[in-house]
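To start, the structure under review is shown below, and the notes come after it.
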Amino acid sequence: MKATETGQAPGGDLYDTLLKIAENTQTFQRLMTTDAKIAQSPKEVIWTLNKAKLYRYVPLVPEDRCHRTPLFLVFAIMNRPHVLDLRPGHSFVEYMLKQGYDLYLLDWGAPGPEDRNLCFDDYTLEYLPRAIRKIKSVSGSEEFSMLGWCLGALITTLYAALRPDNGLKNLILLTAPLDFSDKNAGGFIRWTTNESFNADKIVDAFGNVPGEMIDYGAKALKPVENFVGNYLNLWDNLDNAKVVESWHSMNTWVRDNIPMTGGAYRQLINAFYKENRLMNGTLELRGERVDLSKLRANILTVIAENDHITPPCQSEGVMAKIGSQDKELFRVRGGHIGIMAGSGAEKNTWPHIQQWLAARTV
Amino acid sequence: MSENNDSFNPFDPTGMLRNMRDSNMTAWSKMMIQFVNTDAYAQATGTMLDAWLTTSAPFRQVIEKITTQALANLNMPSRADVIRLAERLTNIEMRLDDLEAKLDEGARTNGRVAVSTRNKPNPAEKQP
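Those sequence lines, one after another, are chains A and B. Here the numbering used here is used: the first residue of the first sequence is 189, the next is one more, and so on. Here the numbering used here is used: the first residue of the second sequence is 4, the next is one more, and so on.
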């Protein structure tokens with residue numbers, strides 16, 4: 189018999205297939221957990237306030253090869269900032285440390301019920317200036333660079349416009365939601381600016397808006413990809429260790445949702461999405477009008493061409509309004525998170541940011 | 004992430020099924036993205052959310068009232084009391100941060116003064 193000649197039992201193929209399916213099922217189940225080792229770069233806490241923590245990363249290159257101007261990373265308020273340091277070998281933080289940057293990261297933390305009234309006024313004019321003061325004190329440099337991503341980019345823009353003389357030299361904005369004039373640009377703005385959507389009622393009911401609700405909203409913008417396609421792709425690539433580990437670390441980060449404070453959510457929907465106050469020049473934080481023409485730092489705006497959360501038009505329009513002399517718009521193929529955490533990030537986005545910054549940093 | 008197999012192979016039924024699945028997924032995905040981007044969808048989800056929040060509000064209020072009353076009867080702090088306390092702690096933390104900033108500034112100024120004093124030529128040394 190042929191099967192005997194090859195040393196294989198009859199039905200061996202079927203057995204192998206079933207074994208493979210069982211193995212794949214086990215791997216798949218492991219990947220559904222959120223215990224991947226992410227955010228592994230060594231760092232120390234140098235400042236805390238309420239739930240916020242400021243980290244300084246341990247440098248990877250000798251001091252004489254380091255840039256003296258510190259780089260301050262500010263991520264969104266409704267996700268953990270670990271995506272900036274996703275996993276060893278594929279981490280923006282690690283990449284920049286190897287290039288000799290003195291890196292600081294602000295983790296806003298998970299707000300509690302007592303923080304329900306925190307809004308962009310507080311983040312911009314209370315938390316950020318204090319963290320920056322600490323960075324200046326620790327680094328000994330009066331100048332600093334700042335990188336904001338998603339709502340972190342919104343907060344850093346507000347700060348840069350309100351405190352242009354506080355030493356901010358370079359500002360890097362990643363997928364920054366700033367201009368909400370196009371009410372048909374993407375699902376979020378369409379949903380939130382609809383007359384039936386009442387942000388006040390949501391905040392009154394929940395206090396802080398649950399992270400799961402925000403996460404569901406983001407996933408519902410591309411429902412088939414996020415709820416079905418994502419898992420099918422994983423199943424197809426279970427033999428590929430690189431894809432598997434990458435998927436697991438991303439899944440660990442994505443599922444670690446944190447609530448958004450009620451005050452910030454209310455302000456985001458009403459003042460930004462619905463009334464577009466920043467671009468109209470009518471936005472006031474603690475009685476101070478935010479005037480984008482006062483923003484003088486060198487600015488690099490990175491746009492994700494396939495971004496369904498922050499469509500490109502929400503970042504483009506601001507460039508004409510800001511007062512900086514040195515400004516650049518950089519387009520990258522990819523999505524909201526993919527441009528910084530995807531497989532192509534270390535070939536496209538990271539080197540461009542690094543080169544732009546190196547040319548403007550001591 | 005998945006491998007894109009464009010070549011047609013009649014002897015690979017699994018591959019054919021996968022291609023069919025991928026094509027269907029792409030079409031389904033495009034259709035759903037278009038669907039969630041319509042005003043009708045925005046209106047429908049907004050209305051449903053609003054209806055749920057409106058109908059659940061009285062229940063939430065009753066539960067909150069009963070819980071607060073029960074905690075008060077047991078001489079225990081309510082959620083609002085704990086929240087107030089946490090807010091006060093945050094304010095204290097901010098004051099401490101202000102103090103730390105002033106101490107830092109003081110230390111830096113003193114450092115500068117000390118450095119400038121050290122760098123100043125000593126008049127006694129100049130004397131012959």
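Quick reminder that beta carbons are idealized off the backbone N, C-alpha and C, glycines included.
C-alpha gap between residue i and residue j, whole angstroms
i	j	result
B:Met79	B:Ala73	9 Å
A:Asn486	A:Gln287	20 Å
A:Asn425	A:Glu211	13 Å
A:Pro301	B:Met23	49 Å
A:Leu466	B:Asp100	30 Å
A:Ile390	A:Tyr347	27 Å
B:Gln46	B:Gln64	27 Å
B:Glu67	A:Ala459	30 Å
A:Gly451	A:Arg304	6 Å
B:Thr70	A:Asp388	24 Å
A:Ile343	A:Thr312	6 Å
A:Tyr245	B:Glu90	30 Å
A:Leu274	A:Met266	17 Å
A:Leu207	B:Leu92	57 Å
A:Asn396	B:Leu52	16 Å
A:Ala235	B:Glu103	A small correction: the amino acid at residue 235 of chain A is Trp; Ala does not occupy that position in the sequence shown. Approximately 11 Å between the Cα atoms of the pair.
B:Asn122	B:Thr112	Residue placement at B:Asn122 is poorly supported in this model, since its pLDDT is 48, which falls under 50; the coordinates still yield a value, given next. So the alpha carbons of these two residues sit roughly 15 Å apart.
B:Met28	A:Ala546	43 Å
B:Ala127	B:Gly109	Low per-residue confidence applies at B:Ala127: pLDDT is 43, beneath 50, and the placement is therefore not dependable, though the value from the model is reported in the following sentence. Cα to Cα, B:Ala127 sits roughly 29 Å from B:Gly109.
A:Glu534	A:Glu251	24 Å
A:Ser437	A:Ile226	6 Å
A:Pro269	A:Leu293	8 Å
B:Ala54	A:Met334	42 Å
A:Pro276	A:Val520	23 Å
B:Lys33	A:Gly417	12 Å
Proximity test, Cβ basis, 7 Å: residue i and chain B
i	result
A:Trp296	no
A:Glu476	no
A:Trp441	no
A:Pro447	no
A:Ala393	yes
A:Gly375	yes
A:Phe216	no
A:Phe263	no
A:Lys407	no
A:Asn212	no
A:Phe385	yes
A:Asn486	no
A:Asn382	yes
A:Arg321	yes
Residues near residue i in its chain [Cβ-Cβ closer than 6 Å; skip 5 each side]
i	result
B:Asn76	none
B:Gln130	Low confidence applies here, because B:Gln130 scores a pLDDT of 38, under 50, leaving its location unreliable and the question unanswered by this model.
A:Gln542	Gln287
A:Arg137	As shown, chain A starts at 189 and ends at 550. That puts residue 137 of chain A outside it, with no answer to give.
A:Val271	Trp441 and Ala529
A:Val363	According to the sequence as given, residue 363 of chain A is Thr; it is not Val. Once the five neighbours on either side are set aside, the close Cβ partners of A:Thr363 are Cys338, Ala492, Asp495, Thr498 and His524.
CB contact check: residue i to chain A, cutoff 7 Å
i	result
B:Asn22	no
B:Asp100	yes
B:Asp53	yes
B:Asp133	Residue 133 of chain B falls outside the range modelled here, since chain B spans only 4 to 131, and no answer is possible.
B:Met132	Residue numbering for chain B in the displayed model covers 4 to 131; residue 132 of chain B lies beyond these limits and cannot be assessed.
B:Leu56	yes
B:Ala89	yes
B:Ala83	no
B:Thr112	no
B:Glu67	no
B:Thr93	yes
B:Gly49	yes
Residues that residue i bridges to, as DSSP identifies them
i	result
A:Ser333	A:Leu259 and A:Asn358
A:Lys231	A:Tyr245
A:Met448	A:Val397
A:Val520	A:Ala492
A:Arg477	A:Glu472
A:His278	A:Arg275
A:Leu294	A:Leu242 and A:Val262
A:Ile487	A:Leu359 and A:Lys515
Contacting residues, own chain, Cβ-Cβ under 7 Å from residue i (five flanking each side not counted)
i	result
A:Ala264	Trp337, Cys338, Leu339 and Gly340
A:Ala373	Pro499, Cys501 and Gln502
A:Ser327	Pro258 and Asp290
Proximity test, residue i beta-carbon vs the ligand SAH heavy atom, cut-off 6 Å
i	result
A:His255	You won't find the ligand SAH in this model; it holds no ligand whatsoever.
Beta-carbon contacts of residue i that lie in its chain and below 8 Å, excluding the five residues immediately before and after
i	result
A:Asp223	Thr440
A:Lys239	Trp296, Gly297, Ala298, Pro299, Gly300 and Asp303
A:Phe332	Thr257, Pro258, Leu259, Phe260, Ile320, Ile323, Lys324, Gly355, Leu356 and Lys357
B:Met4	Caution applies to B:Met4, whose pLDDT of 40 falls short of 50 and renders its modelled position unreliable; the model cannot decide the point.
Give, in chain order, every residue of the stretch 30-45 of chain B whose Cβ lies closer than 9 Å to some Cβ of chain A.
-> Under the 9 Å Cβ criterion, the stretch 30-45 of chain B contributes Trp31, Ser32, Lys33, Met34, Met35, Ile36, Phe38, Val39, Asn40, Thr41, Asp42, Tyr44 and Ala45.
Taking Cβ-Cβ distances below 7 Å as the criterion, which residues of the stretch 300-317 of chain A are in contact with chain B?
-> From the stretch 300-317 of chain A, only Gly300, Pro301 and Glu302 have a Cβ closer than 7 Å to chain B.
Contacting positions in the stretch 226-248 of chain A - beta carbon closer than 7 Å to chain B = Going along the stretch 226-248 of chain A in chain order, one finds Leu237 and Asn238 with a Cβ nearer than 7 Å to chain B.
Members of the stretch 409-425 of chain A that neighbour chain B once the beta carbon cut-off is set at 8 Å | For chain B, the residues of the stretch 409-425 of chain A that bring a beta carbon within less than 8 Å of one of its beta carbons are Leu409, Lys410, Pro411, Val412, Glu413, Val416, Gly417, Leu420, Asn421, Leu422, Asp424 and Asn425, in chain order.
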